[in-house]
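Chains as they are written, first to last, in this note's numbering: chain A, 1 to 242; chain B, 1 to 174. Below: one structure, written as structure tokens.
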Amino acid sequence: MGTSFNFHIIEDCLKCSLREDRLFCNLPSEALDALQSIKATAVYPKGAMLCLEGQPPRGIFILCTGRAKLFTTSAEGKTMILRVAEPGEVLGLTAVVSNTAYEATVETMEPSQANFISQAHFIQFLQSHSAVGVKVAQQLTHNCHCAYEEIRSLALSNSVPEKIAKLLLSWAEHPLMMQKQVSGEIPIRVTLTQEEIAQFVGTSRETVSRTLGDFKKKGWMRTKGATWWIMNRPALEKLVTT
Amino acid sequence: MPVTVTVMEFALYLSRMNPISQTELPNELYSGLSAELVGEFRQLEEFRMVPSGMKLVQLGRLPEHLVIVCSGRVEIRVFSSGQTIPLGTRGAGKVFGLRALISGETPETEVICIEDCRVILIPKKEFLRILQVYPQIYFAVARIMSSDLALAHGFLKNSSRRSLKPGAVPSMNS
Numbered sequence: 001m002g003t004s005f006n007f008h009i010i011e012d013c014l015k016c017s018l019r020e021d022r023l024f025c026n027l028p029s030e031a032l033d034a035l036q037s038i039k040a041t042a043v044y045p046k047g048a049m050l051c052l053e054g055q056p057p058r059g060i061f062i063l064c065t066g067r068a069k070l071f072t073t074s075a076e077g078k079t080m081i082l083r084v085a086e087p088g089e090v091l092g093l094t095a096v097v098s099n100t101a102y103e104a105t106v107e108t109m110e111p112s113q114a115n116f117i118s119q120a121h122f123i124q125f126l127q128s129h130s131a132v133g134v135k136v137a138q139q140l141t142h143n144c145h146c147a148y149e150e151i152r153s154l155a156l157s158n159s160v161p162e163k164i165a166k167l168l169l170s171w172a173e174h175p176l177m178m179q180k181q182v183s184g185e186i187p188i189r190v191t192l193t194q195e196e197i198a199q200f201v202g203t204s205r206e207t208v209s210r211t212l213g214d215f216k217k218k219g220w221m222r223t224k225g226a227t228w229w230i231m232n233r234p235a236l237e238k239l240v241t242t
Numbered sequence: 001m002p003v004t005v006t007v008m009e010f011a012l013y014l015s016r017m018n019p020i021s022q023t024e025l026p027n028e029l030y031s032g033l034s035a036e037l038v039g040e041f042r043q044l045e046e047f048r049m050v051p052s053g054m055k056l057v058q059l060g061r062l063p064e065h066l067v068i069v070c071s072g073r074v075e076i077r078v079f080s081s082g083q084t085i086p087l088g089t090r091g092a093g094k095v096f097g098l099r100a101l102i103s104g105e106t107p108e109t110e111v112i113c114i115e116d117c118r119v120i121l122i123p124k125k126e127f128l129r130i131l132q133v134y135p136q137i138y139f140a141v142a143r144i145m146s147s148d149l150a151l152a153h154g155f156l157k158n159s160s161r162r163s164l165k166p167g168a169v170p171s172m173n174s
């Protein structure tokens, strides 16, 4: 494991201590050997574009560390964030297996490491290891589930405060582990800017700013940099269900 | 009184009635598989006529078969608090039930016939057995799942994220 600027680079998938927690990487050693021989590891700064919407498929990216947003642009030029990919996810899968253009742009939200596998190598890898096939199916199942969730939430959420409350509650499912924790408060790490939150819920940055300000005024949340605290979860839940 | 039938109508009637001609139609699963593998699946095929209005895949209910549409059209729907959201329609060649069969999770979508459909059923147990023996099928599986995902993403892209009122949902047809 190499290190640079406190960023740990994982060169060898076989020695990666994180792989058991990952959606895709926890493969049998024989498949990991094959993966090691076909992947190219690279580290990307925040804001790097891994692939562009509409670009012919070159290959897939396995996100080792960091997070990346998947976004698409509508015919009207509106940017919409489809989802945020977590470490261990495979990106560009749909385009590579169906040999169609990438359907979303993938941009890193923080310094990230990704393993790139070319289209030809990946298809061969998929066809020769059933464990890889299972993982690919799991990843696509996860992606479909996320997309259906998003469609369902479109039908449910009508107001912007409701949508933002829903987003905060979904982040609260994975609270930040802090040494000093105030009882009843849920700390979360938010790496999305207000502009990105606006792209996520389909509104303007100004409306997001106003809504968050309103939540703070009501004592439902507080923020300090990228750390936010949800102080009144029941109030947010009530807003979502009403 | 004699009934006049044109050659085209008779050909259409034959194509609907003759299961052998239907199996020759390409579908998402068989295209890209070797002749040997397609042969394995063909031995397991069961044909059914499903009338319009019947469900091929039911929400929350694990399917017992993989379903391949040979003719007719179906609609794919998602539900949200009693609201029906039609994602789009599909026709011959589309495969359904795959995600639920492989993951063991109940379907999140419903597939309903909007025309009388002729379908091929492949029993779940047999399909999973063949899948274990031939990992190359996973490539076809990934392509089918990718096409489902593309439908959902296309829907999201074409929908206004500001509001999605019942009845105002854009539908994407293939």
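Virtual Cβ for every residue (Gly too), placed ideally from N, Cα, C.
message: Let me confirm a value: M178 (chain A) is counted as buried when at least 16 other C-beta atoms fall within 10 Å, else exposed. Which label applies?
response: The residue given as residue 178 (chain A) occupies position 178 in the first sequence. So M178 (chain A) counts as exposed.
field: Contact list for C144 (chain A) against chain B, beta-carbon separation under 8 Å
entry: In the first sequence, the residue the question calls residue 144 (chain A) occupies position 144. The answer, in chain order, is R99, E108, M145, D148, L149 and A152.
- prompt: Within the 8 Å Cβ cut-off, does K248 (chain B) reach chain A?
  reply: Limits of chain B in this structure are 1 at one end and 174 at the other, which puts residue 248 (chain B) out of reach.
field: N99 (chain A) burial status per 10 Å Cβ neighbour count (16 or more: buried)
entry: Walking along the first sequence from the start, residue 99 (chain A) turns up at place 99. Under this definition N99 (chain A) is an exposed residue.
message: DSSP three-state label for W220 (chain A), please.
response: Working through the first sequence from its first residue, we reach residue 220 (chain A) at position 220. W220 (chain A) falls in the coil class under three-state DSSP.
query: Could you check where the alpha helix (DSSP H) with T41 (chain A) kicks off and where it finishes?
result: As a first step, residue 41 (chain A) is located in the first sequence; it is residue number 41 there, counting from the start. Here T41 (chain A) belongs to no alpha helix (DSSP H); instead the beta strand (DSSP E) covers A40 to Y44.
query: I think P175 (chain A) touches I188 (chain A), with their Cβ atoms under 8 Å apart; what is that distance to the nearest whole Å?
result: Here residue 175 (chain A) refers to the residue found at position 175 when the first sequence is read from its first residue. Here residue 188 (chain A) refers to the residue found at position 188 when the first sequence is read from its first residue. 6 Å between Cβ atoms; contact.
- prompt: Considering L50 (chain A), what are the terminal residues of the beta strand (DSSP E) in which it resides?
  reply: The residue labelled residue 50 (chain A) in the question sits at position 50 within the first sequence. Looking at the DSSP string, the run of the beta strand (DSSP E) that includes L50 (chain A) is M49 to C51.
task: Would you mind giving the Cβ-Cβ distance between L167 (chain A) and I197 (chain A), rounded to the nearest angstrom? I have them listed as a contact below 8 Å.
output: Counting from one through the first sequence, the residue named residue 167 (chain A) turns up at place 167. Counting from one through the first sequence, the residue named residue 197 (chain A) turns up at place 197. About 7 Å separates the two Cβ atoms, so the contact holds.
Buried versus exposed call for M221 (chain A) [16 or more other C-beta atoms within 10 Å across all chains shown]: One-based indexing of the first sequence puts residue 221 (chain A) at position 221. With 16 or more Cβ atoms within 10 Å of its Cβ, M221 (chain A) is classed as buried.
- prompt: What residue does the alpha helix (DSSP H) around H142 (chain A) start on, and which one ends it?
  reply: Along the first sequence, read from residue 1 onward, the residue named residue 142 (chain A) stands at position 142. S130 to L156 is the extent of the alpha helix (DSSP H) around H142 (chain A).
field: Residue nearest to A142 (chain B) in terms of C-alpha spacing, selected from B:K124, B:S103 and B:G154
entry: The residue labelled residue 142 (chain B) in the question sits at position 142 within the second sequence. For A142 (chain B), the nearest C-alpha among the options comes from B:S103.
Chain B contact residues for H129 (chain A), given Cβ-Cβ distances below 8 Å: Locating residue 129 (chain A) in the first sequence gives position 129, counting from the first residue. The contacting residues are P135.
query: Under 8 Å, do R73 (chain B) and T89 (chain B) count as touching if we go by C-beta distance?
result: In the second sequence, residue 73 (chain B) corresponds to position 73, counting from 1. In the second sequence, residue 89 (chain B) corresponds to position 89, counting from 1. It is a contact, given that the beta carbons lie within the stated cut-off.
task: Between the Cα of H142 (chain A) and those of B:N27, B:L87 and B:S146, spot the shortest distance and give me the residue it belongs to.
output: Locating residue 142 (chain A) in the first sequence gives position 142, where the first residue counts as 1. Closest by alpha carbon: B:S146.
message: Less than 8 Å between C-beta atoms, sequence neighbours within five positions excluded: which residues of the same chain meet that for T191 (chain A)?
response: Numbered from its first residue, the first sequence carries residue 191 (chain A) at position 191. Same-chain partners within the cutoff: R67, M109, E110 and A226.
- prompt: With 16 as the cutoff for other CB atoms within 10 Å, does D148 (chain B) come out buried or exposed?
  reply: The count along the second sequence starts at 1 and reaches residue 148 (chain B) at position 148. The residue in question, D148 (chain B), is buried, as its Cβ has 16 or more Cβ neighbours within 10 Å.
message: Taking 8 Å as the threshold (beta carbon to beta carbon), is A85 (chain A) in contact with chain B?
response: Sequence index remark: in the first sequence, residue 85 (chain A) carries index 85 (1-based). Chain B, which has no Cβ nearer than 8 Å to the Cβ of A85 (chain A), makes this no.
- prompt: Which class does T94 (chain A) belong to by DSSP, given the choice of helix, strand or coil?
  reply: Here residue 94 (chain A) corresponds to residue number 94 of the first sequence, with the count starting at 1. Looking at T94 (chain A) - three-state DSSP - the assignment turns out to be helix.
task: Kindly indicate if chain B contains any beta-carbon less than 8 Å away from that of G92 (chain A).
output: Translated into the one-based positions of the first sequence, residue 92 (chain A) becomes position 92. Judged by the 8 Å Cβ criterion, G92 (chain A) is not in contact with chain B.
task: From the DSSP output, read off the bridge partner residues of P86 (chain B).
output: Counting from one through the second sequence, the residue named residue 86 (chain B) turns up at place 86. Paired residue(s): B:R77.
- request: Run the CB neighbour count on P45 (chain A), radius 10 Å, all protein chains shown included, and call it buried at 16 or more, exposed below.
  value: For the purposes of this step, residue 45 (chain A) is taken as the residue at position 45 of the first sequence. That one is exposed.
query: How would you call P19 (chain B), buried or exposed, if buried means at least 16 neighbouring beta carbons within 10 angstroms?
result: Position 19 of the second sequence, counted from the start, is the residue given in the question as residue 19 (chain B). Its pLDDT being 48, under 50, P19 (chain B) is placed unreliably by the model, and the measurement read from it follows with that caveat. Counting Cβ neighbours within 10 Å, P19 (chain B) comes out exposed, since fewer than 16 surround it.
field: Terminal residues of the beta strand (DSSP E) in which T100 (chain A) lies
entry: Within the first sequence, the letter at position 100 stands for residue 100 (chain A). Run containing T100 (chain A): none; DSSP gives neither H nor E here.
field: Residues bridged to F125 (chain A) (per DSSP)
entry: Here residue 125 (chain A) refers to the residue found at position 125 of the first sequence. The partner list for F125 (chain A) (beta bridge, DSSP) is empty, contrary to what the question assumes.
- request: Just grab the DSSP bridge partners of E110 (chain B) for me.
  value: Numbered from 1 along the second sequence, position 110 holds the residue referred to as residue 110 (chain B). Answer is B:R77.
message: Applying the 10 Å Cβ sphere with the 16-neighbour rule, what's the burial state of A101 (chain A)?
response: Within the first sequence, residue 101 (chain A) is the residue found at index 101, counting from 1. Exposed: under 16 other Cβ atoms inside 10 Å.
message: If you reduce the DSSP assignment to three classes, tell me which class I176 (chain B) lands in.
response: Examination of residue 176 (chain B) is not possible in this model, given that chain B is present from 1 through 174 alone.
message: On the criterion of 16 or more Cβ atoms from any shown chain inside 10 Å, does S21 (chain B) qualify as buried, or is it exposed?
response: What you label residue 21 (chain B) is simply residue 21 of the second sequence in a count that begins at 1. Because S21 (chain B) carries a pLDDT of 46, less than 50, the predicted location of this residue cannot be relied on, and no value is offered for it.
field: Meets three-Cβ-pair contact criterion under 8 Å: the stretch 98–114 of chain B and the stretch 30–40 of chain B
entry: no
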